[in-house]
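K.L.:
Keeping their order, the protein sequence lines are chains A and C.
Plus 12 on top of the position in the first sequence (first one is 1) and you've got my numbering.
Plus 12 on top of the position in the second sequence (first one is 1) and you've got my numbering.
The beta carbon of each residue, even a glycine, is placed where N, CA and C say it ideally should be.
Here it is, the structure, as structure tokens.
Protein chains: 2
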Amino acid sequence: MVASGWRMESGATVLEEGGVQFRVWAPKSKAASVLILSGKAAGTVPMQPEGKGYHSVTVPGAMDGDRYLFQLESGKTYPDPFSRYQPNGVHEPSQVVDPGLFHWMDEGWQGIPLEEYRIYEIHVGTFTREGTFEAVIEHLDYLVELGVSAIELMPVSQCPGSRNWGYDGVYHFAPQHSYGGPDGLRRLVNACHKKGLAVLLDVVYNHFGPEGCYLDEFGPYFTEKYRTPWGRAVNLDGADSDPVLDYFLSNAGYWINEFHFDGLRLDAVDWIFDQTPKPLLRRLADEVHRQRERLGRGIYLFAENDTNDVRLINSPEKCGFGLDAQWCDNFHHALRALLTGETTGYYEDFGQFAQLQKAFSEAFVYTGEYSRYRRRRHGGPTERHPGFQFVVFSQNHDQVGNRKCGDRLSATLPLNQLLLAASAVILSPYLPLLFMGEEYGERAPFHYFIDHGDPELVDMVRKGKHEEHASGVCEGEIPDPAAEETFLESKVSVATPKEGEQAVILEFYKKLFSLRASLPALRVFQRDAMEVFGLPEQKVLFLR
Amino acid sequence: MVASGWRMESGATVLEEGGVQFRVWAPKSKAASVLILSGKAAGTVPMQPEGKGYHSVTVPGAMDGDRYLFQLESGKTYPDPFSRYQPNGVHEPSQVVDPGLFHWMDEGWQGIPLEEYRIYEIHVGTFTREGTFEAVIEHLDYLVELGVSAIELMPVSQCPGSRNWGYDGVYHFAPQHSYGGPDGLRRLVNACHKKGLAVLLDVVYNHFGPEGCYLDEFGPYFTEKYRTPWGRAVNLDGADSDPVLDYFLSNAGYWINEFHFDGLRLDAVDWIFDQTPKPLLRRLADEVHRQRERLGRGIYLFAENDTNDVRLINSPEKCGFGLDAQWCDNFHHALRALLTGETTGYYEDFGQFAQLQKAFSEAFVYTGEYSRYRRRRHGGPTERHPGFQFVVFSQNHDQVGNRKCGDRLSATLPLNQLLLAASAVILSPYLPLLFMGEEYGERAPFHYFIDHGDPELVDMVRKGKHEEHASGVCEGEIPDPAAEETFLESKVSVATPKEGEQAVILEFYKKLFSLRASLPALRVFQRDAMEVFGLPEQKVLFLR
Chain A
13 MVASGWRMES GATVLEEGGV QFRVWAPKSK AASVLILSGK AAGTVPMQPE
63 GKGYHSVTVP GAMDGDRYLF QLESGKTYPD PFSRYQPNGV HEPSQVVDPG
113 LFHWMDEGWQ GIPLEEYRIY EIHVGTFTRE GTFEAVIEHL DYLVELGVSA
163 IELMPVSQCP GSRNWGYDGV YHFAPQHSYG GPDGLRRLVN ACHKKGLAVL
213 LDVVYNHFGP EGCYLDEFGP YFTEKYRTPW GRAVNLDGAD SDPVLDYFLS
263 NAGYWINEFH FDGLRLDAVD WIFDQTPKPL LRRLADEVHR QRERLGRGIY
313 LFAENDTNDV RLINSPEKCG FGLDAQWCDN FHHALRALLT GETTGYYEDF
363 GQFAQLQKAF SEAFVYTGEY SRYRRRRHGG PTERHPGFQF VVFSQNHDQV
413 GNRKCGDRLS ATLPLNQLLL AASAVILSPY LPLLFMGEEY GERAPFHYFI
463 DHGDPELVDM VRKGKHEEHA SGVCEGEIPD PAAEETFLES KVSVATPKEG
513 EQAVILEFYK KLFSLRASLP ALRVFQRDAM EVFGLPEQKV LFLR
Chain C
13 MVASGWRMES GATVLEEGGV QFRVWAPKSK AASVLILSGK AAGTVPMQPE
63 GKGYHSVTVP GAMDGDRYLF QLESGKTYPD PFSRYQPNGV HEPSQVVDPG
113 LFHWMDEGWQ GIPLEEYRIY EIHVGTFTRE GTFEAVIEHL DYLVELGVSA
163 IELMPVSQCP GSRNWGYDGV YHFAPQHSYG GPDGLRRLVN ACHKKGLAVL
213 LDVVYNHFGP EGCYLDEFGP YFTEKYRTPW GRAVNLDGAD SDPVLDYFLS
263 NAGYWINEFH FDGLRLDAVD WIFDQTPKPL LRRLADEVHR QRERLGRGIY
313 LFAENDTNDV RLINSPEKCG FGLDAQWCDN FHHALRALLT GETTGYYEDF
363 GQFAQLQKAF SEAFVYTGEY SRYRRRRHGG PTERHPGFQF VVFSQNHDQV
413 GNRKCGDRLS ATLPLNQLLL AASAVILSPY LPLLFMGEEY GERAPFHYFI
463 DHGDPELVDM VRKGKHEEHA SGVCEGEIPD PAAEETFLES KVSVATPKEG
513 EQAVILEFYK KLFSLRASLP ALRVFQRDAM EVFGLPEQKV LFLR
């Protein structure tokens with residue numbers, strides 16, 4: 013059993029008194045069974061209907077490590093939507109996991125205050141040669157020495173195949189098998205906490221991946237009312253949506269309680285549609301903050317969004333959603349467009365010195381102005397929110413990986429400009445985020461890669477990337493997202509000792525973090541206590 | 013010219029110095045012309061591109077009464093999306109209207125305070141034998157004598173054909189030709205104000221009707237991102253959405269300035285999708301309240317919604333939308349289910365005495381509880397909003413007309429229960445609304461009727477009604493929505509002198525309104541200053 017006060021209502025729960033309770037929401041199915049495929053309880057056990065579409069049964073002989081599937085009325089079998097582990101991928105059986113067996117050694121860990129977050133974004137598969145959670149651990153000293161205070165893992169939900177950015181996850185409770193599954197992930201978080209590092213997880217609550225998702229067989233997880241760029245929207249406000257909301261609320265609680273995560277980064281929340289008076293985002297904030305109170309440690313919710321809307325971080329008393337912080341893409345765009353002079357895609361809205369100045373003073377550059385790229389007014393004011401409610405960066409997985417050639421700033425910018433970019437982010441009145449390898453000017457690209465099993469789907473993804481990048485700026489060919497090589501090319505070389513320019517950059521990043529930590533003036537987040545002025549001619553910006 | 017300080021940016025504007033400015037947003041078209049079909053300026057006049065998709069031209073010789081069409085790059089011609097008058101229906105030319113020619117006689121009209129609203133809902137086509145705006149005027153004394161303080165017109169936007177509830181409107185600036193067009197409507201509002209009656213207009217900003225809508229030829233008025241039950245959703249947050257927002261903002265300003273309306277009832281706002289930080293509803297509230305300040309008279313926005321969500325009426329400071337009041341369907345359902353014992357459709361969620369008690373004390377009955385009908389949690393709390401921010405009724409066009417046989421309460425309830433229903437509404441701590449004819453127990457049904465020109469569409473509507481009412485409680489056949497008879501059967505007999513039971517009911521309604529006006533205890537809208545308790549056995553409810 014896991015720490016008291018937390019229990020997942022669905023899935024396979026190992027009971028304190030022995031045995032396992034299996035529970036599944038399958039309102040479309042009048043009957044359901046659990047097929048235990050290994051261990052001493054192997055066999056088919058019919059489940060009891062509980063009402064409202066839930067089926068459950070307790071199997072006394074079942075235990076940690078047993079493989080199982082759910083069988084629905086149709087006779088067909090599927091993995092558990094709440095599976096904690098998919099040892100053989102998305103199409104194969106789930107495995108019972110007893111989270112109580114892990115020996116946590118982070119007692120006394122209190123988390124870190126929000127304003128102390130200095131975030132390092134990691135894609136587990138490409139961060140090390142091994143591409144596992146375990147292998148990340150070896151580099152934690154390096155990260156501490158660098159001066160960051162938190163790592164943020166790109167999504168780890170079980171995806172099709174063994175290579176993926178993570179946004180094709182279909183089992184949101186099952187850490188990717190090829191990364192080392194739940195135990196590997198727990199070891200990583202445990203090790204981070206021992207080093208004083210917080211750990212954030214990127215979670216995708218706006219859609220499910222295109223392969224291995226059998227949720228339709230269970231219940232109305234999806235709606236036709238809204239559409240996302242990645243397929244059907246999740247059903248959060250239609251008939252039978254309460255259990256769908258519970259799926260995501262449980263998921264947030266699960267990562268916090270069973271994995272000791274310090275916070276979640278909610279992917280693209282503007283594609284989470286919920287018209288009810290208390291929408292999912294608001295419920296998530298309530299749930300996570302309740303866990304924060306209960307556990308007595310700092311736990312935060314960060315939102316990625318594209319709408320420049322502070323209702324996300326407004327308090328519930330102001331009828332906001334009450335999230336803790338949000339990503340600020342505008343800061344990135346303003347900075348990058350000035351540094352690189354790019355004018356394609358969304359960069360056409362940027363490139364003026366005054367915009368960077370506004371990004372420094374108001375976080376959002378578009379606060380209601382007309383955007384040529386969007387062909388409409390864009391954004392709203394940031395009001396009086398302090399700077400630590402905004403996360404800024406000069407690079408991240410999207411801003412690198414969604415480019416035609418996956419090229420980082422270091423591929424084109426001279427040293428002095430790379431250092432300028434670093435300074436702008438790390439000395440900003442916001443929370444800085446780096447993308448792995450940025451700290452030494454990694455030259456490897458970060459490509460888009462997948463490992464889907466369905467050839468038609470692979471073709472669709474290839475085609476999609478070609479359309480997306482039809483007018484891309486990079487010369488070379490678009491790398492094949494499905495090729496292992498594309499994935500391997502994206503690996504960073506954190507482990508290699510740095511020489512020459514890379515050593516200079518690394519040293520500079522360390523200095524910046526040390527400066528940020530030591531200068532009180534750099535810890536003023538009340539934006540109205542700060543003055544920003546600039547000399548456009550000289551491209552100099554002053555903050556005081 | 014109309015009163016200073018208001019001018020519509022698009023459509024045909026008669027200029028003070030003579031001539032007409034024609035302006036149209038048609039970003040899909042590189043060129044556009046206006047075809048003037050009558051009058052001394054008859055001819056084709058090319059328009060000048062203004063940028064951002066607008067085309068405009070001033071035609072010196074054009075004037076009020078001229079018929080015109082816009083010709084787009086394709087060579088095809090269409091009526092004006094901002095047409096003030098469609099004298100021959102949705103497919104035919106628009107007509108230039110000079111709103112300054114009407115002689116208003118309501119100087120000094122201040123509107124009425126929100127808490128004084130006692131609303132009488134009218135469908136213009138079936139309220140009188142003539143079915144015109146003009147014919148309504150004859151009955152205003154009757155309404156004043158009855159004791160209501162405002163009439164609310166079901167939508168009057170130009171619809172296909174001559175018979176329609178109004179929700180198939182496609183020219184939202186053009187009052188229905190078969191009702192008497194813009195001049196008829198102005199005469200009606202003018203007459204109301206002279207009698208001391210306020211006038212509200214039901215407006216449909218969530219969709220356009222299925223026939224005669226040529227907006228696609230002009231620009232991206234629609235989006236595929238969201239779907240409504242009535243077809244494509246309006247594009248309020250995608251590319252090129254600013255002019256679409258302006259269309260609706262102009263529309264609200266138009267009814268207030270050019271027609272002196274005292275407020276708007278926004279139809280089904282839960283199907284208006286806008287994810288931007290300052291969504292349409294918020295902008296509408298701002299615009300209407302700006303007009304209120306400017307004109308110095310009471311002007312209000314009422315929302316119909318199905319979500320039990322006070323964010324609609326929360327102030328912008330609380331990041332609400334700032335609308336003035338909202339309809340409260342829950343009150344109706346709780347009351348009706350108790351009176352009639354109905355348990356089908358959404359009435360399955362109602363029928364308990366305690367629910368009516370809650371409706372009296374909290375307005376919403378579902379404030380987060382599970383709804384069996386919706387198969388999910390429903391609603392949120394009403395917080396401390398005063399009672400005059402909720403509109404209640406025992407009947408309205410939907411609650412009568414969406415029934416299989418369009419039967420009113422008077423078709424089945426005995427006299428004493430009709431009087432009880434009236435008392436519950438009129439003596440409630442909310443704003444009461446009656447549906448025309450209710451005040452004397454009208455026996456005529458209120459059917460659903462249309463007059464579309466497209467036979468396929470007519471078949472679809474017929475089929476839809478049959479599906480909708482497959483399990484309806486009424487015996488008889490479903491009346492044919494397209495038959496004129498169905499429309500004629502729905503006419504009320506306000507003009508006929510009342511005898512017997514009808515006279516008793518009418519007298520009772522008058523007494524109730526007079527009681528509401530004279531008893532201070534009935535004007536306490538602060539819900540926490542009120543105590544509601546009931547004796548479920550005796551079905552008695554006390555308010556104090």
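Taking Lys64 of chain C as the reference, give the member of C:Ser41, C:Ser440 and C:Arg389 with the closest Cα.
P.N.:
The candidate whose alpha carbon is nearest that of Lys64 of chain C is C:Ser41.
K.L.:
Quick one: list the residues of chain C neighbouring Ser253 of chain A, beta-carbon separation under 7 Å, in chain order.
P.N.:
Those within 7 Å of Ser253 of chain A in chain C are Arg388.
K.L.:
Suppose the cutoff is 7 Å on Cβ atoms and the five residues either side in sequence are ignored; what does the same chain contact list for Arg306 of chain C look like?
P.N.:
Taken in chain order, the residues that qualify are Gly17.
K.L.:
Three-state secondary structure (DSSP) at Val14 of chain C?
P.N.:
With a pLDDT of only 48 at Val14 of chain C, under 50, the local geometry of the prediction cannot be trusted, and the value read off the model is given with reservation. Of the three classes helix, strand and coil, the one that applies to Val14 of chain C here is coil, per DSSP.
K.L.:
Quick one: list the residues of chain C neighbouring Cys331 of chain A, beta-carbon separation under 9 Å, in chain order.
P.N.:
The contacting residues are Val322, Arg323, Asn326, Lys330, Cys331 and Gly332.
K.L.:
Let me know if Ser502 of chain A comes out buried or exposed under the rule of 16 or more other beta-carbons within 10 Å of its beta-carbon.
P.N.:
Buried: at least 16 other Cβ atoms inside 10 Å.
K.L.:
Does DSSP put Tyr90 of chain A in a helix, in a strand, or in coil?
P.N.:
Tyr90 of chain A falls in the strand class under three-state DSSP.
K.L.:
Quick one: Cα of His421 of chain A to Cα of Phe82 of chain C, how far?
P.N.:
The displayed chain sequence assigns Leu, not His, to residue 421 of chain A. Looking at the two C-alpha atoms, the distance is approximately 51 Å.
K.L.:
Using Cβ-Cβ distances below 8 Å, what residues of the region 237-248 of chain C are close to chain A?
P.N.:
Within the region 237-248 of chain C, the residues whose Cβ lies closer than 8 Å to some Cβ of chain A are Lys237, Tyr238 and Arg239, listed in chain order.
K.L.:
Measuring only the C-alpha atoms, how far is Phe458 of chain C from Ala375 of chain C?
P.N.:
Distance between the alpha carbons of Phe458 of chain C and Ala375 of chain C is about 27 Å.
K.L.:
In chain order, what residues of the region 277-300 of chain A put their CB closer than 7 Å to some CB of chain C?
P.N.:
Hits within the stretch, in order: Asp282, Gln287, Thr288, Pro289 and Lys290.
K.L.:
Would you identify the three-state DSSP class for Lys206 of chain A, choosing helix, strand or coil?
P.N.:
If DSSP states are grouped into helix, strand and coil, Lys206 of chain A belongs with the helices.
K.L.:
Please classify Val14 of chain A as buried or exposed, where buried requires at least 16 neighbouring CB atoms within 10 angstroms.
P.N.:
At Val14 of chain A the pLDDT is 48, less than 50, meaning the model places this residue with poor confidence and gives no usable figure here.
K.L.:
Expressed to the nearest angstrom, what Euclidean distance is found between the alpha-carbon atoms of Asp492 of chain A and Tyr460 of chain A?
P.N.:
Cα to Cα, the separation comes out at about 9 Å.
K.L.:
So Thr319 of chain A contacts chain C; which residues on that side make the cut at Cβ distance below 7 Å?
P.N.:
The answer, in chain order, is Gln287, Thr288 and Pro289.
K.L.:
Just verifying my parser: in three-state terms, what is the DSSP assignment at Phe365 of chain A?
P.N.:
Helix, per DSSP.
K.L.:
Quick one, which residues of the region 464-481 of chain C are near chain A if we go by CB-CB under 7 Å, in chain order?
P.N.:
From the region 464-481 of chain C, no residue has a Cβ closer than 7 Å to chain A.
K.L.:
At 9 Å on the CB atoms, spell out the chain A contacts of Gly392 of chain C, in chain order.
P.N.:
The contacting residues are Thr288, Pro289 and Lys290.
K.L.:
Let me see if you follow: with CB-CB separation under 8 Å, is Val14 of chain A close to chain C or not?
P.N.:
Confidence at Val14 of chain A is low in this model, with a pLDDT of 48, below 50, so its placement is unreliable and the value that follows should be read with caution. So, not an interface residue.
K.L.:
Taking one C-beta from the region 131-146 of chain C and one from the region 185-200 of chain C each time, how about it: are there three or more such pairs within less than 8 Å?
P.N.:
Segments in contact, yes.
K.L.:
If you draw a straight line from the C-alpha of Gly23 of chain C to the C-alpha of Asp279 of chain C, how long is it?
P.N.:
Each residue's Cα considered, the two are about 24 Å apart.
K.L.:
According to DSSP, which residues form a beta bridge with Phe447 of chain A?
P.N.:
According to DSSP, which records beta bridges pairwise, Phe447 of chain A is partnered with A:Glu133.
K.L.:
Start and end of the beta strand (DSSP E) containing Glu497 of chain A?
P.N.:
No beta strand (DSSP E) contains Glu497 of chain A, which is instead part of the alpha helix (DSSP H) from Glu496 to Glu501.
K.L.:
According to the Cβ coordinates, are Met59 of chain A and Phe34 of chain A closer than 8 Å?
P.N.:
Yes, they are a contact pair.
K.L.:
When you compare only the Cα positions, how much space is there between Trp242 of chain A and Phe362 of chain A?
P.N.:
Cα to Cα, the separation comes out at about 27 Å.
K.L.:
CB Pro444 of chain C to CB Asn320 of chain A, shorter than 8 Å?
P.N.:
No. Outside cutoff.
K.L.:
Considering only the alpha carbon of each residue, which of C:Arg175, C:Val156 and C:Asn202 lies closest to Phe114 of chain C?
P.N.:
The shortest C-alpha separation from Phe114 of chain C is found at C:Asn202.
K.L.:
Does the distance from the C-beta atom of Phe525 of chain C to that of Val160 of chain C stay below 8 Å?
P.N.:
For Phe525 of chain C and Val160 of chain C, yes; Cβs fall inside 8 Å.
K.L.:
Hey, would you say Phe447 of chain A sits closer than 8 Å to His409 of chain A, going by beta carbons?
P.N.:
Yes, Cβ-Cβ distance for Phe447 of chain A and His409 of chain A is below 8 Å.
K.L.:
Enumerated in chain order, which unbroken segments of the beta strand (DSSP E) with a length of 3 residues or greater are wholly contained in the region 392-473 of chain A?
P.N.:
Counting only runs of 3 or more, we get 402-404 and 443-447.
K.L.:
Taking Cβ to Cβ, would you say Leu209 of chain A is nearer than 8 Å to Gly275 of chain A?
P.N.:
Result no, Cβ atoms of Leu209 of chain A and Gly275 of chain A do not sit closer than 8 Å.
K.L.:
Compare the Cα-Cα distances from His205 of chain C to each of C:Gly123, C:Ser440 and C:Glu62 and report the closest residue.
P.N.:
His205 of chain C has its Cα closest to that of C:Gly123, out of C:Gly123, C:Ser440 and C:Glu62.
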